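Protein chains in written order, with our numbering: chain A, 1 to 229; chain B, 1001 to 1229.
Report on the following structure.
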DNA sequence: GTTGACAGGTGTACATCGTATACCTATCGT
DNA sequence: ACGATAGGTATACGATGTACACCTGTCAAC
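The following block contains the structure:
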């Protein structure tokens, strides 16, 4: 009988992703991961060069969960649906944002994803130059990041006395937060970083790009506009 | 004679910021910091609760380097110049981006900064609701982040054989990168995350917001537009 | 079959990290 | 002069990533 299923890079990475989903990425250590796989810590190093490479593998697995672009769609829609899909994937693996952001170089998998995204713009007729700037402007949103800064009002603030103090110290922050909460039409999800905010920002940018493109954007024009007072 | 200058929370935090600027934030450990201050590691804990609080203090110091908003300016210009100033500050402290992004709750200092930024929009006549969404849309750009994903093409790729292989595997990425490099008009700075890209993205968003505002934006309208196919 | 190479799992060890706890000591208001 | 207290010290613990040497089970070739 096979006393224990053989280890594989595949199996190691998959277990690490599961553990990160479950306990958060900070609690993924080589030793805990090894224990999870019923193996001695150093055994992992036969399948993974070091922890950085393990994290690379984890991110790659997440990126591979993003569906390939839909063909035969206008570029704006194709980009939009793909990014929203990426966002769904990243909501399943919230730790991936921080890991990706702390990496210096993209893996081939990440490059491939960016490549396919660029392809959509180019196929849609956008110039290479405009596409380049757009990729920068979209930034990490391409990977579906919610880049939420702080998980705004993450914890409930139960203390009413402190709430009053807050309101005095930061009246505008509180006004914006409360104003929206009191608006019955507003879409306020948990942590306020919900689907609406993401789509709002995404559409703002995509619409602006579309407008630029339709107006026959050339780099000199935009540069002048950008640096003008 | 004062055998050694007394330690202060101020002095500790300042030394930590200097060390992070010099060696990168990953090399800032309580022990190295203590050695730098010619003191035993545990001495730091008399001025700082723990490392997380130290990082908070470091970020606060960076935020405090950002100039206060200029009065008597139209909101768009006021926001624009302030964010560009924030960007300059963050370029001096590149580590601050990652630290801020990995924090869950904002410090009072960060809240104060956001508060003063919101104040600009509100004073400019934007509705609380629109301001709220705009703050989300701008996201970390408010703090001047370049959110560069990967320090794109950070290292030079000297190997021509690998370059060819790259071009075959990721034709679009290479095309976009090369196309721009070959354009003599293009502004390509080190790492390609230069001033132009940042301003391009920032203006794209600010212009879009201005258009929304001038068209008398109401939340229901934007929501319908956002979720429409 | 026997053998021998080698992929893959093991054991031990080390430097480094954050920090709890207990202690000592210089300073200062009374 | 004295005792409280703020601030620096000493020691120690558990956790982390991983280098290095070792063992062992599997399988190809003879």
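Just so you know, even glycine gets a beta-carbon here, dropped at the ideal spot from N, CA and C.
All figures in this text were calculated on a predicted structure; none of them were measured in a lab.
Between residue i and the rest of its own chain, which residues show a CB-CB distance below 7 Å, the 5 nearest in sequence each way excluded?
i: residue 1120 (chain B); result: 1069, 1075, 1078 and 1079
i: residue 1034 (chain B); result: 1040, 1041, 1043 and 1044
i: residue 30 (chain A); result: 41, 44 and 51
i: residue 242 (chain A); result: Residue numbering for chain A in the displayed model covers 1 to 229; residue 242 (chain A) lies beyond these limits and cannot be assessed.
Taking 8 Å as the CB-CB limit, is residue i close to chain B?
i: residue 197 (chain A); result: yes
i: residue 28 (chain A); result: no
i: residue 189 (chain A); result: At residue 189 (chain A), the pLDDT of 44 sits below 50, so the modelled position is not reliable; the number obtained from the coordinates is stated separately. No, residue 189 (chain A) lies away from the interface with chain B (no Cβ there is under 8 Å from its Cβ).
i: residue 5 (chain A); result: no
i: residue 122 (chain A); result: yes
i: residue 71 (chain A); result: no
i: residue 175 (chain A); result: yes
i: residue 52 (chain A); result: no
i: residue 172 (chain A); result: yes
i: residue 96 (chain A); result: no
i: residue 114 (chain A); result: yes
Less than 6 Å between C-beta atoms, sequence neighbours within five positions excluded: which residues of the same chain meet that for residue i?
i: residue 57 (chain A); result: 13
i: residue 189 (chain A); result: Note that residue 189 (chain A) scores a pLDDT of 44, beneath 50, so its modelled location is shaky and nothing firm can be said.
i: residue 17 (chain A); result: 58 and 61
i: residue 1008 (chain B); result: none
Note the first and the last residue of the continuous alpha helix (DSSP H) segment covering residue i.
i: residue 51 (chain A); result: 51 to 64
i: residue 1076 (chain B); result: 1075 to 1092
i: residue 100 (chain A); result: 95 to 101
i: residue 200 (chain A); result: 195 to 214
i: residue 1116 (chain B); result: 1108 to 1123
i: residue 160 (chain A); result: 160 to 169
i: residue 17 (chain A); result: 9 to 23
i: residue 1129 (chain B); result: 1128 to 1138
i: residue 31 (chain A); result: 30 to 36
Is there at least one Cβ from chain A nearer than 8 Å to residue i's Cβ?
i: residue 1214 (chain B); result: no
i: residue 1118 (chain B); result: yes
i: residue 1078 (chain B); result: no
i: residue 1227 (chain B); result: Confidence in residue 1227 (chain B) is poor, its pLDDT being 46 and thus under 50, which makes the residue's placement too unreliable to answer from.
i: residue 1068 (chain B); result: no
i: residue 1131 (chain B); result: yes
i: residue 1136 (chain B); result: yes
i: residue 1125 (chain B); result: no
i: residue 1088 (chain B); result: no
i: residue 1208 (chain B); result: yes
i: residue 1111 (chain B); result: yes
i: residue 1019 (chain B); result: no
Hey, out of the options, whose CA is closest to residue i's CA?
i: residue 55 (chain A); options: A:66, A:35, A:27 and A:40; result: A:27
i: residue 1116 (chain B); options: A:141, A:129 and A:169; result: A:169
i: residue 84 (chain A); options: A:165, A:213, A:15 and A:200; result: A:200
i: residue 1053 (chain B); options: B:1106, B:1122, B:1097 and B:1086; result: B:1106
i: residue 1104 (chain B); options: A:102, A:98 and A:109; result: A:98
i: residue 142 (chain A); options: A:133, A:114 and A:132; result: A:114
i: residue 177 (chain A); options: B:1135, B:1216, B:1095 and B:1009; result: B:1135
i: residue 132 (chain A); options: A:118, A:123 and A:140; result: A:118
i: residue 1197 (chain B); options: B:1161, B:1217 and B:1087; result: B:1087
i: residue 1128 (chain B); options: B:1093, B:1101, B:1015 and B:1217; result: B:1217
i: residue 1047 (chain B); options: B:1023, B:1011 and B:1036; result: B:1011
i: residue 1006 (chain B); options: B:1073, B:1032 and B:1038; result: B:1038
i: residue 1162 (chain B); options: A:203, A:108, A:123 and A:65; result: A:108
Going by beta carbon distance, what residues of the same chain come within less than 8 Å of residue i, once the five residues before and after it are set aside?
i: residue 1090 (chain B); result: 1062, 1096, 1097, 1143, 1144, 1145 and 1146
i: residue 210 (chain A); result: 76
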